[in-house]
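Trainee: Dropping a structure here in structure tokens format, bear with me for questions.
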Amino acid sequence: MANIRRGGGGALQRGFSLLEVLVSIVVLSVGLLGVAALQMAGLRYNQSAAERSAAVIQLHSIEDVLRADRANAIRGDFNLAIDEPAGSGDSYVTDALRKWRGEIASTLGEGASGGVRCDGAKCRIEVRWDDSRASEGDSLQQVVTEVYL
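Counting in the numbering used here, the final residue of the sequence shown is number 196, and the numbers go up one at a time with none missing.
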């Protein structure tokens with residue numbers, strides 16, 4: 048608080064000067080902008096974490112299908128490259144792969160895809176998606192697991 052003396056022998060004036068008020072408003076504004084930036088970063092990272100969780104769920108989904116149809120999985124009938132179409136037949140295997148790819152696209156976006164590669168009883172499952180909202184690192188994310196049937 049500033050004390051300002053007016054004129055020759057007048058009384059002291061009490062209160063805040065306009066400059067002090069402006070400085071405090073600027074400091075408060077910068078603080079509020081910082082809080083807003085932290086909130087936005089938190090939301091962005093929360094979305095990335097949710098997408099990663101959805102990808103892991105999709106890995107486990109096809110893993111259960113592979114275990115349920117172990118004979119076809121070991122034969123390599125479920126083998127599907129990540130950029131290969133899921134097939135157009137009406138067998139259980141192609142139907143399961145199409146449904147799995149559809150679930151991946153609906154939960155992780157249209158550019159997302161998944162692949163399966165079984166070498167005997169050892170299967171490698173992979174899910175890729177675009178996480179362009181993440182500010183650091185690659186926008187292409189992937190989760191990979193290997194399972195033994």
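The beta-carbon is built from N, C-alpha and C at its ideal position, and this holds for glycine as well.
Does DSSP put R61 in a helix, in a strand, or in coil?
Mentor: Taking the sequence shown and counting its residues from 1, one reaches residue 61 at position 14. DSSP places R61 in coil when its eight states are reduced to three.
Trainee: In whole angstroms, what is the alpha-carbon distance linking R148 and S160?
Mentor: Your numbering for residue 148 matches position 101 in the sequence shown. Your numbering for residue 160 matches position 113 in the sequence shown. Cα to Cα, R148 sits roughly 6 Å from S160.
Trainee: If you check the beta carbons only, do E150 and I172 fall under 9 Å apart?
Mentor: Along the sequence shown, read from residue 1 onward, the residue named residue 150 stands at position 103. Along the sequence shown, read from residue 1 onward, the residue named residue 172 stands at position 125. Contact: no.
Trainee: In this structure, what does DSSP give as the bridge partners for S160?
Mentor: The residue you call residue 160 lines up with position 113 of the sequence shown. Residue pairing by DSSP puts S160 in a beta bridge opposite R175.
Trainee: Mapping DSSP to helix, strand and coil, what is E131?
Mentor: As a first step, residue 131 must be located in the sequence shown, where it is residue number 84. Of the three classes helix, strand and coil, the one that applies to E131 here is coil, per DSSP.
Trainee: Using the Cα positions of F63 and I72, report the straight-line distance between them to the nearest angstrom.
Mentor: The count along the sequence shown starts at 1 and reaches residue 63 at position 16. The count along the sequence shown starts at 1 and reaches residue 72 at position 25. C-alpha separation (whole angstroms): 13 Å.
Trainee: Restricting to Cα atoms, I'd like to know which of A120, G78, A101 and R145 is closest to A133.
Mentor: Here residue 133 corresponds to residue number 86 of the sequence shown, with the count starting at 1. Distances from the alpha-carbon of A133 to those of A120, G78, A101 and R145 put R145 closest.
Trainee: Candidates L187, S179, D178 and S108: which alpha carbon is nearest V163's?
Mentor: Numbered from its first residue, the sequence shown carries residue 163 at position 116. For the residues L187, S179, D178 and S108, the minimum Cα distance to V163 belongs to S108.
Trainee: Report all residues from its chain with a CB closer than 7 Å to the CB of A128; omit the five preceding and five following residues, and keep chain order.
Mentor: Here the question's residue 128 lines up with position 81 in the sequence shown. So the qualifying residues of the chain are G162.
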